[in-house]
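Numbering (the UniProt record's numbering), first residue to last: 1 to 267. Note that the Cβ used here is the ideal one computed from N, Cα and C, for glycine as well. One structure below.
What follows is the structure, encoded as structure tokens:
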């Protein structure tokens, strides 16, 4: 893995958010590749619950200031950065006061999903790609972890498909059992369609359940990692029928035996 550039785009990452299956994997996987000599960057949203002073976040002025168009609205992009203590891994935070200043991660105190989570997801993935372009740091592999990041394969393959710098970049998506109940939004299809995708590319988003959103990510990924032992039968069958290379679930202690080969030679 020496000098290979791996970009991790994650919904949640330890130590910035509480430990769960997604946030822990979003730390363990880049740490493992970093230890093997890979060049690592992590991107995640800057949720309001993240203590900027404790984690020493600071704004990167040269990367901030751009406006992203989300469903015909101009939304300012703020980029902050921090380093995971003792790991020499930089984490970039996608921020916007309207979308991420609130204290909840995905929902309110009653665990009701925010109505604009679809817009937050669009803003997040556009912010990641635009920032990578400004950094002029072209990843060999982008690894998507968590549903808030799951639109990135679609946007990379269709919206940014004319960006020559990403011509050789491969996209891998992790599939977890942890998702959300119900649907993300009744209007997600229309909001994504504003960016002029072919209807066939986003048809699954008409019913924006967790399973359908992940199916869309699978459709536009070069490879899949099964990151939970108990993902749904529906998603299991969809992965197997996709004809995409996939890495079966295994204990994290064995990651270093399989991930480098998968990154370098399977996708």
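Rounded to the nearest whole angstrom, the C-alpha separation of residue 97 and residue 75 is 9 Å. Per the DSSP secondary-structure output, residue 143 pairs in a beta bridge with 8, 172. Residue 21 is positioned such that its CB atom lies closer than 7 Å to that of residue 178. Residue 75 sits in a strand when the DSSP states are folded into three classes.
In the structure shown, the three-state DSSP call for residue 95 is strand.
In the displayed model, residue 240 falls within a helix according to three-state DSSP. Taken in chain order, the unbroken stretches of beta strand (DSSP E) that lie wholly in the stretch 211–267 and span 3 residues or more are 223–226. Contact holds between the stretch 78–93 and the stretch 32–52, because three or more Cβ pairs, one in each stretch, are under 8 Å apart. Spatial neighbours of residue 170 in its own chain (CB-CB distance under 6 Å, excluding positions within 5 residues in sequence) are listed in chain order as 141, 222, 267. Annotation for residue 124: the continuous alpha helix (DSSP H) segment containing it runs 117–135. Taking 8 Å as the upper bound for CB-CB distance, residue 68 and residue 2 are not in contact here, some 35 Å apart. The continuous stretches of beta strand (DSSP E) do not include residue 88, and DSSP gives it neither H nor E. Its Cα nearest to that of residue 136, the residue 166 stands out among 77, 166, 234, 113. About 7 Å separates the beta carbon of residue 124 from that of residue 149, a gap short enough to meet the 8 Å contact definition.
Remark: C-beta atoms of residue 160 and residue 192 do not approach each other more closely than 7 Å. Distance between residue 250 and residue 158, taken at the CA atoms: about 32 Å.
In the three-state reduction of the DSSP assignment, residue 199 falls in the helix class. Within the DSSP bridge table, the entry for residue 81 names 58, 92 as partners. Within the stretch 21–61, the complete alpha helix (DSSP H) runs of at least 4 residues fall at 21–35, 52–55. Residue 68 carries a strand assignment under DSSP once its states are collapsed to helix, strand and coil.
If you draw a 10 Å sphere on the C-beta of residue 240, you find fewer than 16 other C-beta atoms in it, and that means exposed.
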